[in-house]
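S.K.: Protein chains in written order, with this note's numbering: chain H, 10 to 333; chain E, 7 to 337.
C-beta atoms are modelled at their ideal positions from N, C-alpha and C, and glycine is treated no differently.
Since the structure is predicted, the reported quantities are computational estimates derived from the model, not experimental observations.
(1) Specify the secondary structure class of residue 228/E as computed by DSSP and reduced to three states.
(2) How close, in whole Å, do the beta carbons of residue 85/H and residue 159/E come, if the pair is a contact with beta carbons under 8 Å?
(3) With 9 Å as the limit, tell me which residues of the region 67 to 93 of chain H have their beta carbon closer than that to any beta carbon of chain E; keep them in chain order.
(4) Taking its Cβ as the centre, do 16 or more other Cβ atoms sit within 10 Å of residue 41/H, making it buried, or is it exposed?
(5) When the cut-off is 7 Å and only beta carbons count, does residue 137/E lie next to chain H?
(6) Work out the CA separation of residue 64/H and residue 96/E for me, nearest whole Å.
(7) Straight-line CA distance for residue 259/H to residue 132/H?
(8) Which residues in the same chain have their Cβ closer than 8 Å to the Cβ of residue 283/H, if we skip the five residues on either side of it in sequence?
(9) How many angstroms separate the CA atom of residue 130/E from the CA atom of residue 93/E?
(10) Quick one: using the 10 Å Cβ neighbour count with 16 as the cut-off for buried, is residue 43/H buried or exposed?
(11) Are the region 89 to 101 of chain H and the region 259 to 279 of chain H touching by the rule of at least three beta carbon pairs closer than 8 Å?
(12) On the CB-based measure, 16 or more other CB atoms within 10 Å of its CB, does residue 256/H come out buried or exposed?
(13) Do residue 181/E and residue 72/H have their C-beta atoms closer together than 7 Å?
(14) Please report the distance separating the alpha-carbon of residue 26/E from that of residue 276/E.
(15) Counting Cβ pairs, one atom from each stretch, are 3 or more of them under 8 Å apart for the region 142 to 157 of chain E and the region 185 to 192 of chain E?
(16) Reducing DSSP to helix, strand and coil, say where residue 202/H ends up.
(17) How about residue 7/E: is its C-beta nearer than 7 Å to some C-beta of chain H?
(18) From the DSSP output, in three-state form, read off residue 153/H for me.
(19) Listing by chain order, which chain H residues have their CB less than 8 Å from the CB of residue 121/E?
(20) With a threshold of 7 Å between beta carbons, is residue 11/H in contact with chain E?
(21) Give the single residue among 142/H, 190/H, 157/H whose Cα lies nearest to the Cα of residue 199/H.
(22) If I'm right that residue 33/E touches residue 315/E with Cβ under 8 Å, what's the distance once you round it to whole angstroms?
(23) Measure from the alpha carbon of residue 260/E to the alpha carbon of each residue in 234/E, 268/E, 284/E, 279/E, then state which is nearest.
(24) If we ignore side chains and look at the alpha-carbon of each, how far apart do residue 232/H and residue 271/H end up?
(25) Helix, strand or coil, according to DSSP, for residue 138/E in the structure here?
(26) Below 8 Å on the Cβ atoms is my guess for residue 106/E versus residue 68/E; work out the distance and round it to an integer in Å.
(27) Reducing DSSP to helix, strand and coil, say where residue 211/E ends up.
(28) Rounded C-beta distance between residue 249/H and residue 212/H? I'm assuming under 8 Å.
(29) If you follow the alpha helix (DSSP H) that residue 295/H is in, where does it begin and where does it stop?
(30) Give the secondary structure of residue 100/H by DSSP, where H, G and I count as helix, E and B as strand, and everything else as coil.
(31) Quick check: residue 24/H and residue 108/H, are their CB atoms within less than 7 Å of each other?
(32) Taking any Cβ of chain H, which residues in the region 208 to 236 of chain E have a Cβ under 7 Å from it, in chain order?
(33) Beta-carbon of residue 283/H versus every beta-carbon of chain E: anything under 7 Å?
(34) Do residue 90/E and residue 164/E have their C-beta atoms within less than 7 Å of each other?
(35) Could you spell out the range, first to last residue, of the alpha helix (DSSP H) harbouring residue 338/H?
(36) Under the three-state reduction of DSSP, which class applies to residue 3/E: helix, strand or coil?
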């Protein structure tokens, strides 16, 4: 009998504003001699010409879920395409979705948590955003899509670094950090990067949430924070009460969901020897006990939100009221 | 079918197991032959012997048909009609497109969709097409005539391909996927992206919300005579009563054959008020609606049941699973 229980197919989402170097990165991933085959979902045919891989055109159909939540949107075309691709799942090792420069990454990511079939057979590996080192700062001012793409990213390629000075690079990195404290940033030229820094990231895998680095959180954004989109982080060395925390976070994401793009947390609950980790996309939350706290690590609860126009004081008060 | 008054609890000894070699995505009887459609493009015709036909060079995305032909749409851009003699005829081909949905009409007519466009091809005469506001989620011919129900985001369009008039639009917020007419053509029902069904009473466009499912409904069938709509989506078969004028509104559905795993495929016996019910673990039950009596037809093997079909005279049931195993039970 064939093997029924197989591992989930990893999906990488490539985003980036127009002209940042997304298609160049895609072509690099496909043409490197890694021995893997990919199903590629693109918006425009023509620029990709790799015979071994399966290329499918997408329609960017954003569907609202009829569940009373305005921020819960999915990509209907992706549900259909992935359903179809799964019927020939022996033909490829992973799926890469290239979005248009103006696409909002949220419906793409939410598709993997909301649709049952897609969620059962595939796993969102990471959102990879390619950003133009020279023009990103301008785009962050005038293009809300560019801002969302940075806010959503797990991996950011700061591309075309040869076109700017080291000072400019540091400045743009600070801007990125102010919006998104946990993405891995790689400086690149012509989207040149080792494939293992882009694929196989497990960014949505709860087991791989290691630490939320305090340096990222405390630095930068005080001076550079983007008035509209930024990260908000809070911590407490006193254990939390799960009966206070869960109602708070659920209510918060229900009411502020549209303004919270991503969230992540490592929590220490009272009388609980294990770390509890969670992550969220808008109002969709995923959390679990991860592993026992090690003797040498401080039992510190940390929580980060990336969002727009959030009330920092209210968030902090709410979080600290969860202390047991 | 005559069920004995105190039926034996198991007929698994009557099951002829089949190793089909690929995930089954659709299943129909062509006369006495069971035609198993595999996701990777082959059709296995099972009678006394087994024959394999390659219908598509790629994945099969949808399956429809009647008792003479099985229609498949594939990611190779083809619509193929396969017959009991093993012939596979390409009815349409457009390279580079996916044929997402197919439907079989009377007298050899057929319909299919690629993206946002639905096509109609009569047995004789000119092909017609219709552009929809979003990708077509489901296609179904009315039981009589050539009216097509086309499910899409925001509702269903009812289209007379041979009429000049604009299609009638039945609206309901959300993404509609599968679509089905009641046998008496009084109702149209869709499966939604949410874990719910939506229906319209055509006489007055009245809405019917059918909710409460723990998961998305992927399989539904009207029972013989159209009294009930049986559906998957829960850990029991859900049967909505459709015999009254109002349909199921204000009534509770019947729940049959409860287990601790989900029902993922249902098929209605062509003559009697009996359904076959396939579960995520591969188990298949035959259930009599009047008293809920169950007969085990297939023991679980771990592979979800993806397709069930009764022979036209009700004398056999074919079973297909995700793991590529299947079976044929002859009564």
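M.R.: Per the coordinate set shown:
(1) strand
(2) 6 Å
(3) 68, 70, 72, 73, 74, 75, 76, 83, 85, 86, 88, 89, 90, 92, 93
(4) exposed
(5) no
(6) 23 Å
(7) 23 Å
(8) 298, 299, 300, 301, 302
(9) 21 Å
(10) exposed
(11) no
(12) exposed
(13) yes
(14) 25 Å
(15) yes
(16) coil
(17) Bear in mind that a pLDDT of 48 at residue 7/E, under 50, signals an unreliable position, so the model cannot answer this.
(18) helix
(19) 68
(20) Its pLDDT being 38, under 50, residue 11/H is placed unreliably in this model, and the value from its coordinates should be taken loosely. Judged by the 7 Å Cβ criterion, residue 11/H is in contact with chain E.
(21) 142/H
(22) 4 Å
(23) 234/E
(24) Note on residue 232/H: pLDDT 47, under 50, position unreliable in the model; no value is reported.
(25) coil
(26) 6 Å
(27) coil
(28) About 24 Å separates the two Cβ atoms, so there is no contact after all.
(29) Where residue 295/H is concerned, there is no enclosing alpha helix (DSSP H), although the beta strand (DSSP E) it sits in stretches over 293 to 301.
(30) helix
(31) yes
(32) 221, 222
(33) no
(34) no
(35) With chain H represented from 10 up to 333, any question about residue 338/H goes unanswered, as that position is not in the structure.
(36) The structure shown does not extend to residue 3/E, since chain E is modelled only from 7 to 337, so the question has no answer here.
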